[in-house]
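Once you know that position 27 of the sequence shown is 608 in the numbering used here, the rest is easy, because the numbers rise by one and skip nothing.
Where is the CB? At the ideal position from N, CA and C, for every residue including glycine.
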Amino acid sequence: MRNPATYRRGAAAVCLVLAGVLSATFIVLAAAPGWGSDGVARLQAVVDAGGTATVSFLAFAAYQLPLMIGLLGVAHLLRGRTPLLANLGATLAGVGAIGYAVYGGSQLVIPAMVADQSNLELFAQLRTDAEPLTEPFAALGMVGSVLGLLLLSIALWRAKLGPRWIPVTLWGFLAVEFAGTALSPAASGPVSAVLLLVALLSLAVLIQRSPVSAWTSAVDMPSLVEHGDEHPGAVTAG
582 MRNPATYRRG
592 AAAVCLVLAG
602 VLSATFIVLA
612 AAPGWGSDGV
622 ARLQAVVDAG
632 GTATVSFLAF
642 AAYQLPLMIG
652 LLGVAHLLRG
662 RTPLLANLGA
672 TLAGVGAIGY
682 AVYGGSQLVI
692 PAMVADQSNL
702 ELFAQLRTDA
712 EPLTEPFAAL
722 GMVGSVLGLL
732 LLSIALWRAK
742 LGPRWIPVTL
752 WGFLAVEFAG
762 TALSPAASGP
772 VSAVLLLVAL
782 LSLAVLIQRS
792 PVSAWTSAVD
802 MPSLVEHGDE
812 HPGAVTAG
């Protein structure tokens with residue numbers, strides 16, 4: 582690898598793009614708006630959604646890793662001006678991504694379950710029995726993701742890194758996704774998908790346009806170590 586700094590910057594930007602596309606796919610295709618409180622009704626909603634529900638389950642599990650990598654990249658850019666918010670936000674977002682990845686992986690059995698429609702009641706009971714194991718990861722994912730995105734968006738605002746509307750868009754997503762869903766799931770889904778997609782794609786552009794020096798470490802430039810400068814690339818945009 583000729584330039585590790587360029588690779589780090591590119592990887593973070595690409596991961597944000599992937600996370601944006603996959604998250605929008607998950608939200609738009611999710612069968613959740615038609616779900617009832619009954620376990621059988623939830624499985625029946627997946628049956629009614631057909632292949633789109635399967636794609637949604639896969640997208641949900643798949644977008645957690647690129648989201649974590651991309652948000653770590655955002656925190657990397659913020660470390661020079663808002664180190665506390667950036668580090669806490671990235672840590673919580675990472676914890677949230679891990680929690681959602683575990684929970685999302687456990688949900689991948691649902692498409693196989695609904696293929697046998699004669700046993701939906703049995704499968705619904707199995708899912709209910711498994712909830713004490715899976716629900717804590719879902720809760721961890723939700724709390725970590727919400728707090729992580731909130732802290733990183735505040736860090737973006739305070740650091741004045743990028744356009745002001747990027748953190749505002751993230752706040753809008755959090756409000757619509759976690760408050761609007763309780764009021765009108767069918768209407769809030771597409772709106773939250775667009776808000777998150779726009780925010781993540783904008784962050785990807787912001788990262789890709791950042792100077793390569795912001796992604797260079799002392800390991801890449803041994804001469805800097807000799808002069809005692811271990812943080813050559815901290816961004817301190819004001």
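Apart from the five residues on each side of it in sequence, which residues of its chain come closer than 6 Å, Cβ to Cβ, to residue i?
i	result
ALA611	SER637
LEU648	ALA600, ALA678
THR606	ALA640
SER699	none
What is the residue span of the alpha helix (DSSP H) that residue i lies within?
i	result
LEU739	Here residue 739 turns out to be Arg, not Leu, going by the sequence shown. Segment 701-740, the alpha helix (DSSP H) holding ARG739.
ALA696	No alpha helix (DSSP H) holds ALA696; DSSP gives it neither H nor E.
LEU689	No alpha helix (DSSP H) contains LEU689, which DSSP labels as neither H nor E.
PHE754	746-756
Between residue i and the rest of its own chain, which residues show a CB-CB distance below 7 Å, the 5 nearest in sequence each way excluded?
i	result
LEU650	Before going on, a small fix: residue 650 reads as Ile here, not Leu. Only ALA592, ALA593, CYS596 meet the Cβ criterion.
LEU731	LEU755
VAL779	THR750
Kindly give me the distance between the Cβ atoms of residue i and residue j, rounded to whole angstroms, as I take these residues to be in contact under 8 Å.
i	j	result
ILE747	LEU658	About 12 Å; that fails the 8 Å criterion.
VAL621	LEU689	With 8 Å as the limit, VAL621 and LEU689 do not qualify as a contact, their Cβ atoms being about 19 Å apart.
GLY753	LEU776	5 Å
ALA674	GLY725	6 Å
ALA822	GLY670	Past the edges of the chain, shown from 582 to 819, lies residue 822, and the structure says nothing about it.
ALA785	VAL598	5 Å
GLN645	TYR681	5 Å
ARG590	TRP796	5 Å
LEU653	ALA705	Between ALA705 and LEU653 the Cβ distance is about 38 Å, and since that is not below 8 Å, they are no contact.
Among the residues of its own chain, which have a CB less than 8 Å from the CB of residue i, if the five just before and after it don't count?
i	result
ARG583	none
Please go through the region 607-687 and give each complete alpha helix (DSSP H) segment of 4 or more residues, from N-terminal end onward. 620-630, 632-643, 645-659, 664-687
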